[in-house]
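J.: This is the structure I have questions about; it appears just below.
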Amino acid sequence: MNAIAVDGKTIAEKLRGRIMNDVAHLQVEHNFTPGLAVVLVGKDPASSVYVRTKARQARAVGFKSQQFLLPSNVDEAELLKLIKTLNTDDSVDGILVQLPLPGHIDRWRVLEAIDPAKDVDGFHPYNIGRLAAGQPCLAPCTPLGVVHLIKSVARDLSGLDVVIIGRSNIVGKPLAVLLGDAGCTVTGAQLQTRNLPDICRKADIIVAAAGCAGLVRGDWIKLGAIVIDVGINRVFDSTGTEKLVGDVAFDEVRRRASYITPVPGGVGPMTVAYLLANTFKAAVSRRGLSSVTRHDVRHIESLSGASTDNVSVQFALDRAS
15 MNAIAVDGKT IAEKLRGRIM NDVAHLQVEH NFTPGLAVVL VGKDPASSVY
65 VRTKARQARA VGFKSQQFLL PSNVDEAELL KLIKTLNTDD SVDGILVQLP
115 LPGHIDRWRV LEAIDPAKDV DGFHPYNIGR LAAGQPCLAP CTPLGVVHLI
165 KSVARDLSGL DVVIIGRSNI VGKPLAVLLG DAGCTVTGAQ LQTRNLPDIC
215 RKADIIVAAA GCAGLVRGDW IKLGAIVIDV GINRVFDSTG TEKLVGDVAF
265 DEVRRRASYI TPVPGGVGPM TVAYLLANTF KAAVSRRGLS SVTRHDVRHI
315 ESLSGASTDN VSVQFALDRA S
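Residue numbers for the sequence shown follow my numbering, beginning at 15 and rising by one.
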């Protein structure tokens, strides 16, 4: 068996195309344009690239995009003051503070300062709690993207065994909620989990999000399993060239899996696409246009890149609507 690589770039492009059309509809029918504000503290090269990518794609779908670049030694109080200003700015529908933050800034104090209705990253404790309680909220973008990718290749998740390696608030924990609500039996694991290879061998779906390059090996995989690689690790090859790899030993695992996401080009593009989807959702929700939100959920239903035309991601969006 040679796994089919799930093309996150193509699937994300389709989602962005739908968002672009819906933004144009809002501009014509409701005379407003969603706005996204991205805040970057410091000049970390990777964070700078992420921020530019998010801002560029926001503009590409028709959003108003603002970037706020602060020095690495900015006072926490100054950052909180900026967030307070953005919270009250009606032209801003989504606020994203790029992580990580410098050590002198309390990450949770900053995240909690963001208006939950504008928390398009889905990191505010209010949104995390509502997600766990099954209430309407803005869910974290990467888990939404992972669910979309899985549903692009699996028609029905009910009863499937899923192993999620990694328990972060950004990926592992919220993803467990989303997949559990989809009817999966979810096992949470981490690097310290005993007999991790044996646990993985029983899984229909493995999601690797531990931040450990090449962790998941070929002999961990049940024949025909779906493997989603969330990891992004910078390593050096034998020539000293830096490259990005995931948490999955791709060449080994693809010999046993049915579908696998590459790194790069798998989960990453979906994360940014769902940031845009969350911003659109926040914009229409803040203005009481709930019928528009439901309309868009129905249209996003057929955005997968799989050969199965009727694959649906509606449960993922409904779960966070």
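From the three backbone atoms N, C-alpha and C, an ideal C-beta is built for every residue, glycine too.
Is residue 227 helix, strand or coil when you go by DSSP?
T.: coil
J.: I'd like the span of the alpha helix (DSSP H) that includes residue 301, first residue to last.
T.: No alpha helix (DSSP H) holds residue 301; DSSP gives it neither H nor E.
J.: Check this for me: beta carbons of residue 296 and residue 143, under 8 Å apart or not?
T.: no
J.: Go ahead and pull the three-state DSSP assignment for residue 168.
T.: DSSP places residue 168 in coil when its eight states are reduced to three.
J.: Only counting the same chain, and skipping five residues up and downstream in sequence, which positions put a Cβ closer than 6 Å to that of residue 271?
T.: 17, 235, 239, 241
J.: Between the alpha carbons of residue 227 and residue 40, how many angstroms are there, rounded?
T.: 43 Å
J.: Whole alpha helix (DSSP H) runs in the region 79-161 with 4 or more residues, listed along the chain?
T.: 90-102, 121-127, 139-147
J.: Using only CA atoms, which one of 205, 151, 265, 197 lies nearest to residue 277?
T.: 265
J.: Return the chain-ordered list of same chain residues with a C-beta closer than 7 Å to the C-beta of residue 146, the five sequence neighbours on each side being excluded.
T.: 191
J.: List the DSSP bridge partners of residue 49.
T.: 78
J.: In the DSSP assignment, what are the bridge partners of residue 240?
T.: DSSP, once it has assigned bridges, lists 219, 273 as partnering residue 240.
J.: Can the beta-carbon of residue 67 be found less than 8 Å from the beta-carbon of residue 286?
T.: yes
J.: Is residue 187 helix, strand or coil by DSSP?
T.: helix
J.: If you reduce the DSSP assignment to three classes, tell me which class residue 180 lands in.
T.: Here residue 180 sits in coil by DSSP.
J.: Roughly how many angstroms lie between the CA atoms of residue 300 and residue 200, to the nearest whole one?
T.: A direct Cα-Cα distance of roughly 33 Å separates residue 300 from residue 200.
J.: Roughly how many whole angstroms lie between the Cα atoms of residue 263 and residue 189?
T.: For residue 263 and residue 189, the distance between alpha carbons rounds to 22 Å.
J.: I'd like the list of long-range same chain contacts for residue 26, defined as Cβ closer than 6 Å, with 5 residues on each side in sequence excluded.
T.: 283, 284, 287
J.: What is the rounded straight-line gap between the Cα of residue 14 and the Cα of residue 156?
T.: What the structure shows of the chain is the stretch from 15 to 335, and residue 14 is not part of that stretch, so it cannot be assessed.
J.: Rank 111, 134, 131 by C-alpha distance to the C-alpha of residue 123 and give the top, closest one.
T.: 111
J.: Nearest to residue 90 by CA position, among 69, 219, 253, 118, is which residue?
T.: 118
J.: Between which two residues does the beta strand (DSSP E) holding residue 202 run?
T.: 199-203
J.: So the candidates are 78, 220, 86; which of them puts its Cα closest to the Cα of residue 1?
T.: Because residue 1 is not part of the residues shown, which for the chain are 15 to 335, the question remains open.
J.: Can you tell me the Cα-Cα spacing of residue 95 and residue 218, whole angstroms?
T.: Between the C-alpha atoms of residue 95 and residue 218 there is a straight-line separation of about 47 Å.
J.: Out of 249, 15, 33, which one is the CA nearest neighbour of residue 291?
T.: 33
J.: Specify the secondary structure class of residue 175 as computed by DSSP and reduced to three states.
T.: strand
J.: Closest by CA to residue 274, which one among 99, 166, 254?
T.: 166
J.: Which residue's Cα is closest to the Cα of residue 243: 303, 36, 230, 153?
T.: 230
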